[in-house]
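*Asks:*
Residue numbers (this note's numbering): 59 to 405.
(1) Alpha helix (DSSP H) containing residue 286: first to last residue?
(2) Figure out for me which residue from 117, 115 and 157 has the closest Cα to the Cα of residue 84.
(3) With a threshold of 16 other CB atoms inside 10 Å of the CB of residue 291, please say whether the residue is buried or exposed.
(4) Locate the alpha helix (DSSP H) running through residue 315, then write down its first and last residues.
(5) Would you kindly work out how many angstroms separate the C-alpha atoms of residue 161 and residue 170, rounded to a whole number?
(6) Assign residue 242 to one of two classes, buried (16 or more other C-beta atoms within 10 Å of its C-beta) or exposed (fewer than that).
(7) What separation, rounded to the nearest whole angstrom, lies between the Cα atoms of residue 392 and residue 192?
(8) Measure the CB-CB distance between residue 303 and residue 235 and report whether it falls below 8 Å.
(9) Determine the direct distance from the alpha carbon of residue 383 to that of residue 403, and round the result to whole angstroms.
(10) How big is the Cα-Cα spacing for residue 214 and residue 132?
(11) What are the complete beta strand (DSSP E) segments, minimum 3 residues, inside the segment 79 to 154?
(12) Go through its chain and collect everything with a Cβ distance to residue 229's Cβ below 7 Å, but skip five positions before and after it.
(13) Return helix, strand or coil for residue 157, following the three-state DSSP convention.
(14) Per DSSP, what kind of secondary structure is residue 395 in: helix, strand or coil?
(15) In angstroms with no decimal places, state the Cα-to-Cα distance between residue 258 and residue 203.
(16) Does residue 188 have its Cβ less than 8 Å from a Cβ in chain B?
(17) Going by CA-CA distance only, name the one from 198, 217 and 218 that's closest to residue 210.
(18) Taking DSSP as the reference, what is the three-state secondary structure of residue 252?
(19) Could you tell me the boundaries of the beta strand (DSSP E) in which residue 390 lies?
(20) Between residue 389 and residue 319, what straight-line distance do the alpha-carbon atoms span, to the nearest angstrom?
(21) How big is the Cα-Cα spacing for residue 265 and residue 200?
(22) Run through the DSSP bridge pairs and tell me what residue 212 is partnered with.
(23) If you reduce the DSSP assignment to three classes, tell me which class residue 186 lands in.
(24) Smallest Cα separation from residue 135: which of 94, 154 and 187?
(25) Taking all protein chains shown into account, decide if residue 344 is buried (16 or more other Cβ within 10 angstroms of its Cβ) or exposed.
(26) For residue 228, list the residues DSSP reports as bridge partners.
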């Protein structure tokens with residue numbers, strides 16, 4: 059709709075009249091919207107526009123048309139225009155149009171929400187200020203958003219303004235933890251890691267069932283718990299996102315023939331004696347798989363099923379590992395619990 063600014067007397071008459079301004083009142087406009095205005099004039103005239111308060115002039119035509127975008131706050135805005143004769147021999151006084159700007163957009167409690175991956179987030183805004191509202195994405199129910207992205211909310215208020223505002227949802231990854239399957243441990247003071255590969259970024263905190271909290275990704279299992287059995291759990295948190303895991307430590311059955319048959323040292327020094335970690339009891343378990351980890355939880359060895367090639371003290375790239383104590387997990391893959399323990403390289 060074109061709103062016309064009526065200049066009621068000719069430009070030549072205005073040139074000689076005192077500067078007494080011509081005013082008009084426009085219909086209310088909604089905040090942030092654009093409108094086209096035009097002046098009634100002789101075809102040979104040109105026009106100059108100014109916006110006294112609020113909003114922006116998007117474009118103007120010397121022949122009388124102007125596009126104004128009103129500001130995002132309510133109030134009375136003033137659009138000014140003056141007419142110029144050809145070659146600007148005569149210039150009129152300013153005429154003004156007062157424009158009431160009304161309405162409001164949705165106001166979110168946060169411009170950007172952060173959601174934990176796998177969760178949804180409920181956004182909140184001043185819903186009671188509107189007669190109606192709707193999300194452009196119709197999958198949003200009760201203001202719960204399940205995926206990251208930018209979403210448009212349309213509102214209809216008591217002033218008759220239909221306006222849109224946008225909210226952004228960002229995804230925050232959860233920490234990565236995995237205590238492994240329930241197992242039996244038969245070595246003293248075993249160190250239990252929150253995950254076999256500690257890839258969590260700096261700032262991740264761990265809360266253990268033992269009461270220990272902080273940035274340490276492991277806890278030492280007491281000899282009492284190894285002997286009697288226990289349940290351990292850990293919660294890892296990062297930037298408001300958390301994840302938990304639990305493991306049952308079975309009481310060590312030292313009379314278990316498999317446990318008894320697992321050596322806890324070997325000497326890969328090339329002298330032909332005890333150069334590999336020979337586990338003869340696994341010959342009766344063709345599906346057994348052996349994994350070995352260093353003290354930081356990094357996997358350094360993974361056998362094929364049946365443990366056909368005993369570990370020679372090298373990592374997966376063939377590099378000789380230093381003299382140290384390593385942690386192993388033996389999965390018999392026969393329905394029984396994994397066996398955890400330590401193996402020490404002696405050079």
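Don't be surprised by glycine CBs; every beta carbon is placed ideally from N, CA and C.
Computed from a predicted model, the values in this text were never measured in an experiment.
*Replies:* Looking at the coordinates:
(1) The residue you call residue 286 lines up with position 228 of the chain shown. The continuous alpha helix (DSSP H) containing residue 286 extends over residues 281 to 286.
(2) Position 26 of the chain shown, counting from 1, holds the residue named residue 84. Each of 117, 115 and 157 was checked against the Cα of residue 84, and the nearest Cα belongs to 157.
(3) Residue mapping note: residue 291 aligns to position 233 of the chain shown, counting from 1. With fewer than 16 other Cβ atoms within 10 Å, it is exposed.
(4) For the purposes of this step, residue 315 is identified with residue 257 of the chain shown, where counting begins at 1. Where residue 315 is concerned, the enclosing alpha helix (DSSP H) stretches over 315 to 318.
(5) Within the chain shown, residue 161 is the residue found at index 103, counting from 1. Within the chain shown, residue 170 is the residue found at index 112, counting from 1. The straight-line gap from Cα to Cα measures roughly 23 Å.
(6) If you number the chain shown from 1, residue 242 lands on position 184. Residue 242 comes out buried.
(7) The residue given as residue 392 occupies position 334 in the chain shown. The residue given as residue 192 occupies position 134 in the chain shown. Note on geometry: alpha-carbon atoms of residue 392 and residue 192 lie some 56 Å from one another.
(8) Residue 303 sits at position 245 when you count from the first residue of the chain shown. Residue 235 sits at position 177 when you count from the first residue of the chain shown. Yes, the Cβ-Cβ distance between residue 303 and residue 235 is below 8 Å.
(9) In the chain shown, the residue the question calls residue 403 occupies position 345. In the chain shown, the residue the question calls residue 383 occupies position 325. CA-to-CA, the gap between residue 403 and residue 383 works out to about 6 Å.
(10) As a position in the chain shown, residue 214 is number 156, starting the count at 1. As a position in the chain shown, residue 132 is number 74, starting the count at 1. For residue 214 and residue 132, the distance between alpha carbons rounds to 16 Å.
(11) DSSP runs (the beta strand (DSSP E)) wholly in the segment 79 to 154: 80 to 83, 92 to 98, 104 to 111, 114 to 118, 123 to 127 and 133 to 142.
(12) Mapped onto the chain shown, residue 229 falls at position 171. Only 173, 175 and 206 meet the Cβ criterion.
(13) As a first step, residue 157 is located in the chain shown; it is residue number 99 there, counting from the start. Strand.
(14) Working through the chain shown from its first residue, we reach residue 395 at position 337. Here residue 395 carries a coil assignment [DSSP, helix/strand/coil].
(15) The count along the chain shown starts at 1 and reaches residue 258 at position 200. The count along the chain shown starts at 1 and reaches residue 203 at position 145. Taking the straight line from one Cα to the other gives about 26 Å.
(16) Note that chain B does not occur in the displayed structure, where there is just one protein chain.
(17) As a working mapping, residue 210 is identified with position 152 in the chain shown. Checking every option, the nearest Cα to that of residue 210 belongs to 198.
(18) Along the chain shown, read from residue 1 onward, the residue named residue 252 stands at position 194. The DSSP-derived three-state label of residue 252 is coil.
(19) Position 332 of the chain shown, counted from the first residue, corresponds to residue 390. Premise fails: residue 390 is in no beta strand (DSSP E) and is neither H nor E.
(20) For the purposes of this step, residue 389 is taken as residue 331 along the chain shown, with counting starting at 1. For the purposes of this step, residue 319 is taken as residue 261 along the chain shown, with counting starting at 1. One C-alpha to the other measures close to 15 Å.
(21) Sequence index remark: in the chain shown, residue 265 carries index 207 (1-based). Sequence index remark: in the chain shown, residue 200 carries index 142 (1-based). Straight through space, the alpha carbons of residue 200 and residue 265 are spaced by roughly 34 Å.
(22) For this step, residue 212 is matched to residue 154 along the chain shown. Per DSSP, the beta-bridge partners of residue 212 are 192 and 222.
(23) Counted from its first residue, the chain shown places residue 186 at position 128. Residue state, collapsed to three classes: helix.
(24) The sequence position of residue 135 within the chain shown is 77, counting from 1. If we check each option's Cα against that of residue 135, 154 comes out closest.
(25) Counting from one through the chain shown, the residue named residue 344 turns up at place 286. Residue environment analysis places residue 344 among the exposed positions, since fewer than 16 neighbouring C-beta atoms fall within 10 angstroms of its C-beta.
(26) The residue labelled residue 228 in the question sits at position 170 within the chain shown. Bridge pairing for residue 228: 172 [DSSP].
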